[in-house]
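The structure under discussion appears below in the form of structure tokens.
Protein chains: 2
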Amino acid sequence: MVQSKILVIGAGGVGSIYGWRLQIGGAHVSMVCRSNFRTIKDVGFHISSKKYGDGSFLPDMVYSSAKDAFEDDQKYDYILVCTKSLPNIMNPADVLKGCKFAEGTVIVLVQNGIGIETYFHDAFPQNRILSAVAYIDTKQSKDGLIEHGERNDLSFGLYMPNKLEFYTDQNRKMCNDLVDCFIAGGAGAKVSENIQRERWFKVIWNSSFNPISVLAGGSNSTELLNMDGMENMIKDTMLETISIGEAVVKMPLSNFSNEEIFGMLIYPLRGRVPPVYPSMLVDFENKRPMEHEVILKNVINYADELGVKTPNLKVIYQLILAVESKYLK
Amino acid sequence: MVQSKILVIGAGGVGSIYGWRLQIGGAHVSMVCRSNFRTIKDVGFHISSKKYGDGSFLPDMVYSSAKDAFEDDQKYDYILVCTKSLPNIMNPADVLKGCKFAEGTVIVLVQNGIGIETYFHDAFPQNRILSAVAYIDTKQSKDGLIEHGERNDLSFGLYMPNKLEFYTDQNRKMCNDLVDCFIAGGAGAKVSENIQRERWFKVIWNSSFNPISVLAGGSNSTELLNMDGMENMIKDTMLETISIGEAVVKMPLSNFSNEEIFGMLIYPLRGRVPPVYPSMLVDFENKRPMEHEVILKNVINYADELGVKTPNLKVIYQLILAVESKYLK
């Protein structure tokens, strides 16, 4: 097997865990680190993981910008983009601006939300894009210090904006090679036959718990679910996202009933120790931009386009914008 | 004309201005002051008013509790209740708990919101209740120091929970006497033939600007209206309240079109100097309870009862409850 060359952009909780496991799985892993560049270049990452135990991770190469990563005509098989998607702040594809890479290089987008691929497809129309949905519980508590939980699973599929496209043998192999890399590194990975459906399923939780935790006075999952009536509002909001997603992917988002979905996404959080602090809540508390465009706005845009009513998401989105504009000012 | 004896309960911005003008108009005015009792007893109110100029107001009698105001078998023609209505914190009628007053004493409720009369009607079924809607811009900036703007108008009408009731000559006279007192004191006052309609009209603004200003990161009117999309959300929320109110009073809430209503309630606030800080926002900033029960919950209850959809108000109410529970904790 030829060693895959992988560039990871975004050296936070998600990027570092994937880089680490891919290197352990045998890949050559380069990383673009911004705020934590000095630390990672000098000593790498210290990782405390419930799934893998403690470890340290020194990438094969560390760069302070994506441009530097291509300076000496470096070639990569896969570029993993693990940054937040904030199209209202900057074009998400600008993380690769000015980088010259071959048409064969595959861009793997490990990002939450809906419509995240369009920005990269517009900027790099020749490159194949893998749309990835990550199920991972990880955060960088300080520069180079990563805390990881029990879970590390990834689904991805070829982004096919053109309905006439299909999986060629070459594309199948490209996907399977990446799956093999992850699995060799002990991560769960699979090719999804309908990645958009999985993406929509994931946004059910993100579009409800994330913004509501911020708007409810900054409340974690336990605080939210202890408030009278809040669980019902979360459910109503989830049902809106489910309706929109179903209209988009033209099939149910899962094989589960709504009540079973609540049983997966809500009930386990009742009194969970420790409580969940949704990523938007963490961003809010740190006065950082929130991913409301891809998690709410792009969802609402589909609703409007397809004539699906979504009053809760609209109010929630409007209020999130307002809250953010106050603290980013 | 016999001098009216009036007891004002709630010595904040509203109670003090009404007490002042009623005294100037010739009434005997007693006041129940709680937190500011010492100051008012000693030196009275200092009032800075754009409408009336500066002045000071020493009530004829000052009491530290409603009970004291009835101690020596005092009689009152009218009891003006100018406290906030917070039925989720305590029964609003408890401000008169243990007070013995004659059946002829009229309770005048100068409070915002819907359903505020029921608490007093249940507690004092023998007494007539006047439901009053105040149009006044006033606040107590510190104990005994009152700032008042340009406006001081009051509409009121007999609370008639029983559809068979009507204005007797005696009731007409009782209302007109109070109007005369206010007008003698330079306040605008009138008897409304449909006070519930006016009450609903006023709650159009209160149920939208008030909670939204809190949820939008604590934003005043100018900040709100400068945010993309926020004006539309406020309008949608107002339209919900209008629909509910119309279903309750069984007629339009005014003779104005919706666009004319926006022209009265929203457009004048665009860039207004100084901006408006809705009362819930002030309560939020001072970590005091907000009047969400009578301004939101009782409105939503009517919607549910009458089958009117009100998604915005439901989300807004739920989030306001959450925000309050966090800071009151």
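Chains as they are written, first to last, in full-length UniProt numbering: chain A, 1 to 329; chain Y, 1 to 329.
Every residue, glycine too, gets a C-beta built ideally from N, C-alpha and C.
Predicted model, so just to flag it, every value in this text is computed and none were measured.
- Excluding residues up to 5 positions away in sequence, G25 and A189 lie with their Cβ nearer than 8 Å to the Cβ of I183 (chain A) in the same chain.
- Here Q170 (chain A) is exposed. Its C-beta has fewer than 16 other C-beta atoms within 10 Å.
- The alpha carbon of G15 (chain Y) has as its nearest neighbour, out of Y:P59, Y:G55 and Y:Q3, the alpha carbon of Y:P59.
- Contacts with chain Y at 8 Å (Cβ-Cβ) do not include S207 (chain A).
- Ranked by Cα distance from D304 (chain Y), the options Y:V248, Y:I266 and Y:I89 are led by Y:V248.
- In terms of Cβ geometry, F166 (chain Y) and V191 (chain Y) do not form a close pair [threshold 8 Å].
- Think of a sphere of 7 Å around the beta carbon of A216 (chain A): the chain Y residues whose beta carbon falls inside it are L319, A322 and V323, in chain order.
- If you compare the alpha carbons of A:V62, A:M61 and A:G44 with that of G55 (chain A), the shortest gap goes to A:G44.
- According to DSSP, residue pairing for A189 (chain A) in a beta bridge involves A:L154.
- Secondary structure of M61 (chain Y) (DSSP, three-state): strand.
- Where A132 (chain Y) is concerned, the enclosing beta strand (DSSP E) starts and stops at I129 to K142.
- Between M264 (chain A) and S213 (chain A) the beta-carbon gap is near 18 Å, outside 8 Å, which marks them as no contact.
- When the five nearest sequence neighbours on each side are left out, the beta carbons in the same chain lying within less than 6 Å of the beta carbon of A93 (chain Y) are those of Y119, F120 and A123, in order along the chain.
- S221 (chain A) has a beta carbon lying at 8 Å or more from every beta carbon in chain Y.
- In the DSSP assignment, M90 (chain A) falls outside any beta strand (DSSP E), carrying neither H nor E.
- Fully enclosed alpha helix (DSSP H) runs of no fewer than 4 residues occupy 195–215, 221–225, 230–249, 258–265, 279–285 and 298–306 of the UniProt domain "Ketopantoate reductase C-terminal" (194–323) of chain A, in order along the chain.
- Boundaries for S85 (chain Y): no alpha helix (DSSP H) harbours it, and the DSSP string shows neither H nor E there.
- Bounds of the beta strand (DSSP E) holding F45 (chain A) are F45 to S49.
- Here DSSP, grouped into helix, strand and coil, assigns D73 (chain A) to coil.
- Within chain Y, the residues whose beta carbon sits less than 7 Å from that of N312 (chain A) are P311 and V315, listed in sequence order.
- In this structure, C99 (chain A) keeps its C-beta atom at 8 Å or more from the C-beta atom of Y18 (chain A).
- By the CB criterion at 8 Å, S65 (chain A) and V32 (chain A) fall inside the cutoff.
- Taking the CA atoms as reference points, T168 (chain Y) sits about 45 Å from D228 (chain A).
- Around the beta carbon of L306 (chain A), fewer than 16 other beta carbons sit within 10 angstroms, so the residue counts as exposed.
- A residue is called buried when at least 16 other Cβ atoms come within 10 angstroms of its Cβ; S141 (chain Y) does not meet this threshold and is exposed.
- For R197 (chain A) and I244 (chain A), the gap between their C-alpha atoms comes out near 11 Å.
- The segment 290–303 of chain Y and the segment 219–235 of chain Y do not touch, with fewer than three beta-carbon pairs separated by less than 8 Å.
- Taking the Cα of Y159 (chain Y) as reference, the smallest distance to any Cα among Y:E193, Y:G186 and Y:K173 is reached at Y:E193.
- Contact check for L296 (chain A) against L215 (chain Y) fails: the beta carbons are separated by 8 Å or more.
- V95 (chain Y) is not bridged by DSSP to any residue.
- The straight-line gap separating the alpha-carbon atoms of S254 (chain Y) and Q318 (chain A) is approximately 29 Å.
- Counting along the chain, V2 (chain Y) sits inside no alpha helix (DSSP H), nor does DSSP assign it H or E at all.
- In the displayed model, G113 (chain A) falls within coil according to three-state DSSP, outside both helix and strand.
- Here S35 (chain A) carries a coil assignment [DSSP, helix/strand/coil].
- A straight line joining the alpha-carbon of Y63 (chain Y) with that of V308 (chain Y) spans about 45 Å.
- The closest CA to that of N112 (chain A), considering only A:L154, A:S257 and A:E147, is found on A:L154.
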